[in-house]
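To keep things clear, I will list the structure first and then write my remarks on it.
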Ligand SMILES: Cc1cc2nc3c(=O)[nH]c(=O)nc-3n(C[C@H](O)[C@H](O)[C@H](O)COP(=O)(O)OP(=O)(O)OC[C@H]3O[C@@H](n4cnc5c(N)ncnc54)[C@H](O)[C@@H]3O)c2cc1C
């Protein structure tokens, strides 16, 4: 019998376990992950950026946790010798019409009390000599790291602290009974006083298994990346982002120097017909049915048809993808960019077709569920872990002896 059992071996699940052992060193805790390695899905397939919190609505969990989380992530990396770099990023306005959007973003960052400055074209060229821009915002606190390495470090730390870790263990059913939760897996049954669902792309299915009613559905959006040929890496010194369109903040490909020295371009955002589908042809009948029978999907599709179509074209037509990169770095040519891996975002959607913007956590009687943890949840993971522990109901805490 465990006191706390966490489902999901991504960065959110392991950060939560890390927070739990710090607060309750005597508690019996387990983490269950269906894959044979930590960070196999979103956490191990992302851009590796330690975000500063520039984009997020003032007052939102994302804004608060990205700001605090980037500081705690950098401190964690320093404390545990994890290679990282606070290299800064520029958000570049390449056309006149983007200048008012850049001003609006600048106002937002003032409200979020972030250290961001407006820079001229000349100042931009000193930072990124190959960029084409009229002006930019400079964010010095943004960094890079390998989140898989962070997650593996968390796993070692919690294991040393006595947490039981189960890889290759897939949760098939849950039952909240009076004093405990029974968790059925392919490796047998587990019992826990309290359950924490950090299952990313499958979190809504576990909410359903726990018999909690929500209107939410996880809709998967694949993000495909390209890598720059070695001899062209010098064109990108740090992180080069476009000014986001406020209506579609997660669209807009960027150029990112990774901690291993490579440079990635992407990701785009295309609907994925498989929750863990990393190829253009990936298809899973259950996942596809889930999308197409959800009324929210059709409402979203209707109102975002044009942007969705553009993303599909950009996915299948390399020249179109390269064109969006050339707006930022005109010297790049199609032959300089090579397709590489993809990641799939777990994005919660409501029945009215709206995407849930903020992090979203709900509670059952003996469980807590992370229902929406898209970007910047890797950056914010240590803070999300603390927040989950803070939200545990009083009786879950006092029974730890
Ligand atoms: C393309 C892309 C780029 C991104 N870029 C960034 C970035 O630069 N910076 C940033 O901060 N954030 C970024 N993000 C967001 C970030 O990666 C995620 O928000 C974060 O990794 C979420 O972590 P998680 O632990 O919730 O999910 P995951 O990493 O997906 O982990 C969930 C785990 O639960 C397991 N699981 C699911 N169901 C079960 C079950 N039934 N039984 C057992 N285990 C189960 C899965 O196997 C998985 O390992 C990006 C995301 C994507 C997709």
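Numbering (the working numbering), first residue to last: 23 to 423.
Backbone N, C-alpha and C fix where the C-beta goes; we use that ideal spot for every residue, glycine too.
It should be emphasised that the depicted structure is a prediction, and the values quoted were computed from it without experimental measurement.
Item	Value
Where does residue 370 fall in DSSP's three states?	strand
So what's residue 422 in DSSP terms, helix, strand or just coil?	Low local confidence applies: a pLDDT of 46 at residue 422 is under 50, so the model's placement there is unreliable, with the coordinate-based value given in what follows. Three-state result, residue 422: coil.
Suppose contacts are defined by Cβ-Cβ distances below 7 Å. Is residue 426 in contact with residue 66 by that definition?	Here the chain comprises residues numbered 23 to 423, so residue 426 is not present and cannot be evaluated.
May I have the straight-line CA-CA distance separating residue 136 from residue 99, to the nearest angstrom?	21 Å
Tell me whether residue 183 sits in a helix, a strand or coil according to DSSP, three-state version.	coil
If you run the structure through DSSP and keep just helix, strand and coil, what is residue 128?	helix
Sorry if obvious, but does the Cβ on residue 216 come closer than 6 Å to a heavy atom of ligand 3?	As for ligand 3, it is missing from this structure, which binds only ligand 1.
Which residue comes first and which comes last in the alpha helix (DSSP H) that contains residue 44?	33 to 45
For residue 25, name the three-state secondary structure that DSSP assigns.	strand
Whose C-beta lies closer than 6 Å to the C-beta of residue 322 among residues of the same chain, with five residues either side of it excluded?	375
Could you give the residue range of the beta strand (DSSP E) that holds residue 217?	210 to 219
Measuring alpha carbon to alpha carbon, tell me which residue in 289, 222, 195 is nearest residue 363.	289
For residue 412, I'd like the list of residues in its chain whose CB is within less than 7 Å of its CB, leaving aside the five on either flank, ordered along the chain.	none
Identify the residues that DSSP records as bridge partners of residue 391: which are they?	219, 384
For ligand 1, is there a heavy atom less than 6 Å away from the beta-carbon of residue 407?	no
For residue 243, which three-state DSSP category applies?	strand
Keeping to the same chain, check which residues put their C-beta closer than 7 Å to that of residue 387; ignore five residues upstream and five downstream.	198
Which whole-angstrom value describes the C-beta separation of residue 60 and residue 177, a residue pair presumed to lie in contact below a C-beta threshold of 8 Å?	5 Å
Compare the Cα-Cα distances from residue 196 to each of 101, 187, 207 and report the closest residue.	207
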